[in-house]
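Chemist: Those protein sequence lines, which keep their order, are chains A and B. In terms of my numbering, the first sequence opens at residue 2 and continues consecutively. In terms of my numbering, the second sequence opens at residue 117 and continues consecutively.
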Amino acid sequence: MLLVPCPNCGPRNAADFSYVGEAKARPDPNAATPEEWRDYLYMKDNPAGRLRETWYCRSGCRQYFVLERDTAANRFADPPLPAAEADGEEA
Amino acid sequence: MWRDVPLRNSYDVVIVGGGVHGLATAYYLAANHGITDVAVLDKAYLGSGGSGRNTAIVRSNYLTPEGVAFYDRSLQLYNTMSADLNINVMFSERGHLTLAHTDSALRTMRWRAEVNKLQGIDSSVIGPDEIKKLAPSLDTSSHPRFPILGALYHPPGGIVRHDAVVWGYARAADHLGVEMHQQTEVTDIEVTGGDGPDGKGPGGRVTGVVTSRGRISTPTVVNCTAGWASLISDMAGVKLPISTRPLQAAVTEPVKVFLPTVVVSGSLHVYVSQTDRGELVFGASVDPYNNYGITGSLEFTEELAGHVLELMPGISKMRLLRQWSGLCDMTPDYSPVMGFTGVDGFLCDVGWGTYGFKAAPVSGEQMAEAVATGTTPEMIAPFSLDRFHAGTLVGEKGAAAVGH
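#1: Looking at residue 589(B): is its Cβ nearer than 8 angstroms to the Cβ of residue 453(B)?
#2: What are the residues in the region 11-27 of chain A lying within 9 angstroms of chain B by C-beta distance?
#3: Determine the contact status of residue 332(B) and residue 127(B), defining contact as a CB-CB distance below 8 angstroms.
#4: Answer with yes or no whether the minimum CB distance from residue 30(A) to chain B is below 8 angstroms.
#5: Count the other CB atoms within 10 Å of the CB of residue 494(B); is the residue buried (16 or more) or exposed (fewer)?
#6: Provide the residue span of the alpha helix (DSSP H) that contains residue 247(B), from first to last.
#7: For a cutoff of 8 angstroms on Cβ pairs, would you count residue 136(B) as touching chain A?
#8: Among the candidates 492(B), 445(B), 461(B), whose CA atom is the shortest distance from the CA of residue 46(A)?
#9: Determine the chain B residues that contact residue 72(A) at a beta-carbon separation under 7 angstroms, and present them in chain order.
#10: Report the residue ranges of all alpha helix (DSSP H) runs contained in full by the region 345-422 of chain B; include only those spanning at least 4 residues, in chain order.
#11: Count the other CB atoms, across all protein chains shown, that sit within 10 Å of the CB of residue 188(B); report buried if there are 16 or more and exposed otherwise.
#12: Count the other CB atoms, across all protein chains shown, that sit within 10 Å of the CB of residue 85(A); report buried if there are 16 or more and exposed otherwise.
#13: Write down every uninterrupted run of the alpha helix (DSSP H) in the region 254-336 of chain B whose length is 4 residues or greater and which is fully enclosed by it, in chain order.
#14: For residue 446(B), which three-state DSSP category applies?
#15: Measuring alpha carbon to alpha carbon, tell me which of 220(B), 190(B), 253(B), 182(B) ends up nearest residue 234(B).
#16: Identify the contact partners of residue 52(A) in chain B, using a Cβ-Cβ distance below 9 angstroms as the criterion.
#17: Does chain B have any CB closer than 8 angstroms to the CB of residue 35(A)?
#18: Starting from residue 23(A), trace the beta strand (DSSP E) both ways and give me its first and last residue.
#19: Label residue 149(B) either buried or exposed according to how many other C-beta atoms from any shown protein chain fall within 10 Å of its C-beta, with 16 as the threshold for buried.
#20: According to DSSP, simplified to helix, strand and coil, what is residue 131(B)?
#21: Secondary structure at residue 136(B), three-state DSSP: helix, strand or coil?
#22: Is the shortest distance between the beta-carbon of residue 78(A) and the beta-carbons of chain B less than 8 angstroms?
#23: Let me see if you follow: with CB-CB separation under 8 angstroms, is residue 313(B) close to chain A or not?
#24: Taking 7 angstroms as the limit between beta carbons, can you name the residues of its chain near residue 290(B), skipping five residues before and five after?
#25: Pick out whichever of 24(A), 41(A), 7(A) has its Cα sitting closest to the Cα of residue 355(B).
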């Protein structure tokens, strides 16, 4: 079982969360070309290692937040990153 | 089965990944195009990845016309494979049922049936009475929480012994002069003249690969990996729309044959078939987050058992023998990424999600044609990497996977 360290609710089973995916800065929807927008939507870094990801705590605080996890070891960074470091990700 | 020869320092074509896709590509390069100066490299042993971990199901009842034509060609190649490769791949054409438990699922089945029929594929929607005749162990009553309302029935679907496909392609390619090199991990791909800061990326040209056993000079590298597709493509400076996730599977103890068809339930996230030895082989949906680890979980077996018993209450006393998992490279539209990449000499046959095994023969045939002719074959043109930036996705989610 993977325990997701929710900044508000503490560690909870991953089944309580929705996985949004890789956290990255969203381009300005008014200024971005269709190609830039699709690049943001579809292309992935997909590293085997440290990855910053957005999770949604759907059964608890219902907040979006960014966590760093090692996708090779399947372990979260300890302690979790504070919400302020969320890379401009839409909350 | 194949020769063990020393690794040379130059080949016309280097294929990364010794699974069914890589081996099929190598075989068709030699058999159809006379290109035999080919090395297939694998960091472990042949068939150690998805080729030996899938649930061995083949079918062609997809949702898009592009997908249907493609997988139908694959099924044709599987049909004659035992004779073509002189190895018994134990193709069992036993029929394939995709169950519908909701009105919306039934609607998708009707849609798929019409797309299939238009392309000449044997595929139709049947009701609970006919399902009961085909697979008497299924609970077709109205009692379950998700009752079976109907199914898409696809008689040409079935199962194939996946290890035999790996060995068959490897042996046949070996006889034609292709070299297989196991325990040979690719650690870098040399690209010059590209747009990236290190000379890699689009606009560049492949000059060689660096492996754990030394450098190889080559103008052509084909990425046929699953699970590591992004990592290999990164080495050439090519970014992919792929998220890697594990898919878990399990097998029971063997019992007398009672399940004559392949049964799939998208709503219950399960597919099952009975092997010739009598074991039930179960597969599920991919894990819900990116992960390169292949550790199994108790949640999977618990959820699987619950769902399977809803379909087949009679097997509640059966015991699971073992479980395992493999890595799936998921794309946003559930279709693969095939062909040229913008880096001259670097081709991809990746993004095979949960449907790589059934596509292996046609993928090998088409990728070999791409390498040999330098042009994209018509059949795989819809699956090009360009489609993501062009916005021309090939949406197969409704027919490619369970669990949505």
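All C-beta atoms, glycine included, are put in the ideal place defined by N, C-alpha and C. This one's a predicted model, so the numbers in the text were calculated from it and none came from an experiment.
Modeler: The short version:
#1: Given a span of 117 to 520 for chain B in the structure shown, any question on residue 589(B) remains unanswerable.
#2: 14, 15, 16, 18, 19, 20, 22, 23
#3: yes
#4: Answer no: the Cβ-Cβ gap between residue 30(A) and chain B never drops below 8 angstroms.
#5: exposed
#6: Here the alpha helix (DSSP H) through residue 247(B) covers 244-250.
#7: no
#8: That would be 445(B), whose Cα lies nearest to the Cα of residue 46(A).
#9: 406, 407, 408
#10: 345-351
#11: buried
#12: Caution applies to residue 85(A), whose pLDDT of 47 falls short of 50 and renders its modelled position unreliable; the value that the coordinates give is listed next. Per the 10 Å Cβ criterion, exposed.
#13: 278-291
#14: strand
#15: 182(B)
#16: 406
#17: yes
#18: 19-23
#19: exposed
#20: Strand, per DSSP.
#21: helix
#22: no
#23: no
#24: 118, 119, 296
#25: 41(A)
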